[in-house]
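Participant: The sequence shown maps to residues 2 to 68 in our numbering.
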Amino acid sequence: MSDSDYQPLSQDLVFDLLSNSRRRFVLHYLKQTDEPVRLSELAAEIAAIENDVPVDELTSQQRKRTY
Numbered sequence: 002m003s004d005s006d007y008q009p010l011s012q013d014l015v016f017d018l019l020s021n022s023r024r025r026f027v028l029h030y031l032k033q034t035d036e037p038v039r040l041s042e043l044a045a046e047i048a049a050i051e052n053d054v055p056v057d058e059l060t061s062q063q064r065k066r067t068y
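If you want it as structure tokens, here you go:
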């Protein structure tokens, strides 16, 4: 994608996208890390936040629902 393909998002669309708490959790988590993150790791971290438990205490159902 080149710079000429870039089109800014409208403010309404940005607010609509950020109205979902899971999307906000994803952005927050990704902002805190400098390394690439695997989707499975991201899903586990978000599931832990949503279920208010440490990652190592997640059930497989909790992980799967978020993934």
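Heads up, the beta-carbon is just placed ideally off N, CA and C, and yes, glycines get one too.
Residue range of the alpha helix (DSSP H) that GLU36 falls in?
Facilitator: Note, GLU36: premise wrong, no alpha helix (DSSP H); not H, not E.
Participant: So, do the stretch 41–50 and the stretch 19–27 have three or more beta carbon pairs nearer to each other than 8 Å?
Facilitator: Yes, the stretch 41–50 is in contact with the stretch 19–27.
Participant: Pair every Cβ in the stretch 36–45 with every Cβ in the stretch 13–24, then say whether three or more of these pairs are closer than 8 Å.
Facilitator: As far as the Cβ criterion goes, the stretch 36–45 does not touch the stretch 13–24, which means the pair count is below three.
Participant: Does VAL54 come out as helix, strand or coil in the three-state DSSP assignment?
Facilitator: The answer is coil: DSSP assigns VAL54 none of H, G, I, E or B.
Participant: By Cβ distance below 8 Å, which residues in the same chain neighbour ARG66 in space, the five residues on each side in sequence not counted?
Facilitator: If we look at ARG66 and ignore the five residues flanking it on each side, its Cβ neighbours are ALA48.
Participant: Excluding the 5 residues preceding and the 5 following ALA45 in the sequence, name in chain order all residues of the same chain whose CB lies nearer than 7 Å to its CB.
Facilitator: These residues qualify, in order along the chain: VAL56, LEU59 and ARG64.
Participant: Using the three-state DSSP reduction, which class does SER20 fall into: helix, strand or coil?
Facilitator: Looking at SER20 - three-state DSSP - the assignment turns out to be coil, as it is neither helix nor strand.
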